[in-house]
Structure formats: structure tokens, C-alpha cells
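A.B. asks:
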Amino acid sequence: LPEAWEGFSSPPPPLGLEEDNPVSKSLRESLPYLIPAQGKEKALLVSPFTIKGENLGVLTLCRGASFNKDDLFFVNLILDRAGPLAENFILYESIVLNLHDALRALVKALEAKDPYTKEHSERVTTYALYLAEEMGLSQEALETLRFAGHLHDVGKVGIADAILLKPGRLTREEYEIIKQHPVIGAEIVGHIGLLQEEARIIRYHHERYDGRGYPEGLKGKDIPLLARVLAVADAYDAMTTKRPYRPSLTPETALKEILRCSGTQFDPEIVEVFREVWRKKLAGTEPMEAEDGRQESVA
């Protein structure tokens, strides 16, 4: 509540449970406290937020006039009503995490079929997070990108193995089928209520900055920012990984290709950030042998 922060230039430091103050006492003892106003000191109302006997935190209010028992009654009434809502949200979040883990396992199973794409989603996520961190994006954006990176190819579960594992270049018809995987993936992830933004990123990570990508031909800033980030990471890993129809590119050659496609396939601002990320974290990386003896690039 804004009133609770009145008079503070910045939030106070975290409090330890052993400290002798109303907030710590309330957490430690699971009891509310009313501290009357005295001189310039404002009144405090402190009440623990408890679910099934476990303290999740403390609600602290302050104001010039002292609080009374009626104030405490209404605050506790609000906290009592909020408890089941918070419990349901925590349960739902746990279900979402379990579904994410299940989908991630599915992606790993898909990748395990093909040594050329083994651990692809892990590397793409790593590169994408490098980019997002260098761009100074929020922690929330990083977590969204982490989920989307892990699951960006989950839609390939809807593509026949004969196409996915074809040891050669795809025909035009086969490529059109492959292009369906972002839409399929977005539909799968979109069924999880808390992952709507992740679903958007998955849907649009194959769009191009010049509007010639798929599935919708979005252009420029109409493509979600995190999808533009993921597109660069995905392309870099694809280029530095050996395919049946071509050898892997060296990191230096892959960087040159990313730079060449700046403003056409990729957002030029993100490409400039990638250049810096590559210099700091990816330059000089070496290919490694895949389990069947074929080379696979890793960072």
C-alpha cells in the first residue's frame, strides 16, 4: 500500500526473524501487533499472512493516526479471505511447473531421436538468456524466455518422423509441413493459462524482421521482443550444428551470417547486442563429437 511506504526514500532492508521488531515478532510468533503513534513516529499495524499454519509473510501498514482493534479485525478478515486465493495460486503455479517439466521432457525425447539436434533447446535457451541479460531485460522477462526457449520446438511432436529425421534436404511440401511446428507448439503451451506470453514467443520465433517469416509474416517491432531474441539464438545454434546435408559452421562464420542478415532476418538492435555477447561468451568455442561420432557444435 502506498501509505505504508510514506516517508521512506527506499524500501527498508530485509529483517531477520531473530530481530526485536514488530515485523520479526509477528513472523516468529504468528501474532498481530498494534504500535500506537508516538510523536513523529507513525502508528504500525502488523499482521502475519498464514496459510495452513505456515507464515508466508507479514502485512505492515503505517499512518499518522493510531490503529484500533476494528482496523485489525478488518485487516485480518482480508487476509483470511486472501489465504485460499493465494493457496490456489500456489497450487496452480506448481501444476504449471510440472506441466512445463513434462513438456520439456517431451522436447528432450524428440531431440534424442536425432543426434544432430541433441540438446538444441538447452543451447538456444542459454544463448537467448545471454542476449536478454546483456539487453538488461527484467527478471520476469528472463523467466518467460527460459520457459519459451526450452519449449520452442515442442510443436515438432505433431510432425511426422519421416520429415523430422529425413537425412537430406526437405522438399517444398515437407518444408511447408515443418513450418507448422510454431503454431502447433503455441497451441500446446497456450492451453496452460499462465504461459500465454510463452505461447506467443513460441508462435512467432520464426518470423523475420523484414516480414518474410512464418507463420503470419509479422514485420519489425510487430514481432514480440522475446521472439526476436529467440530467433537469433535459434539461428546461431542451427548454423553451428552439423546437419546431414551440410557441415557445421564455425562460430566466426555463424556470427558473420547473423551480421549479414541484420535488418532482414533479424532485428538489427538485437544483432548488435549479439555481437557483444558473442565476443564475451561464444568466441573460440569448439565443436564436439555427438554420441554417434558425428560433430555437434556446443557453446
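Under the UniProt record's numbering, the letters of the sequence shown match residues 1 to 299, in that order.
Even for Gly, the Cβ is constructed at its ideal location relative to N, Cα and C.
Check whether the region 41-51 touches the region 79-92, counting contact only when three or more Cβ pairs, one atom from each stretch, lie closer than 8 Å.
C.D. replies: yes
A.B. asks: Please report the distance separating the alpha-carbon of residue 125 from that of residue 146.
C.D. replies: Roughly 6 Å separates the two Cα atoms.
A.B. asks: Starting from residue 46 and walking both ways along the beta strand (DSSP E), at which residues does that stretch end?
C.D. replies: For residue 46, the uninterrupted beta strand (DSSP E) segment begins and ends at 43-51.
A.B. asks: Can you list the alpha helix (DSSP H) stretches of 4 or more residues lying completely in the region 172-237, in chain order?
C.D. replies: 172-178, 181-190, 196-204
A.B. asks: Pull the bridge partners of residue 262 from the DSSP assignment, please.
C.D. replies: 266, per the DSSP bridge assignment.
A.B. asks: Does the beta-carbon distance from residue 195 to residue 207 come in below 7 Å?
C.D. replies: no
A.B. asks: Using 8 Å as the cut-off, can you tell me whether the region 153-164 makes contact with the region 209-217, which would need three or more C-beta pairs spanning the two stretches below that distance?
C.D. replies: Cβ pair count under 8 Å is below three, so no.
A.B. asks: Would you please state the rounded distance, in angstroms, between the beta carbons of residue 229 and residue 131? I believe it to be under 8 Å.
C.D. replies: 5 Å
A.B. asks: Can you say whether residue 94 is buried or exposed, counting buried as having 16 or more other CB atoms within 10 angstroms of its CB?
C.D. replies: exposed
A.B. asks: Between residue 205 and residue 238, which are expected to be in contact by the criterion C-beta below 8 Å, what is the C-beta distance as a whole number of angstroms?
C.D. replies: About 12 Å; that fails the 8 Å criterion.
A.B. asks: Suppose the cutoff is 6 Å on Cβ atoms and the five residues either side in sequence are ignored; what does the same chain contact list for residue 264 look like?
C.D. replies: 210
A.B. asks: Kindly indicate the opening and closing residues of the beta strand (DSSP E) around residue 34.
C.D. replies: 33-35
A.B. asks: Put residue 119 into one of helix, strand or coil per three-state DSSP.
C.D. replies: Coil at residue 119, not helix or strand.
A.B. asks: Going by DSSP in three states, residue 142 sits in which element: helix, strand or coil?
C.D. replies: Helix at residue 142.
A.B. asks: Would you call the CB atoms of residue 148 and residue 201 closer than 7 Å?
C.D. replies: yes
A.B. asks: Measure from the alpha carbon of residue 281 to the alpha carbon of each residue in 252, 268, 261, 141, then state which is nearest.
C.D. replies: 252
A.B. asks: What did DSSP end up calling residue 169 once you bin it into helix, strand or coil?
C.D. replies: coil
A.B. asks: To the nearest angstrom, how far is it from the Cα of residue 1 to the Cα of residue 136?
C.D. replies: Unreliable positioning characterises residue 1 in this predicted model, as indicated by a pLDDT of 36, which lies under 50. A coordinate reading is not provided.
A.B. asks: Assuming residue 100 and residue 121 form a contact by the criterion Cβ under 8 Å, report the distance between their Cβ atoms to the nearest whole angstrom.
C.D. replies: So it is not a contact: roughly 12 Å between Cβ atoms.
A.B. asks: Under DSSP, the alpha helix (DSSP H) around residue 164 begins and ends at which residues?
C.D. replies: 161-164
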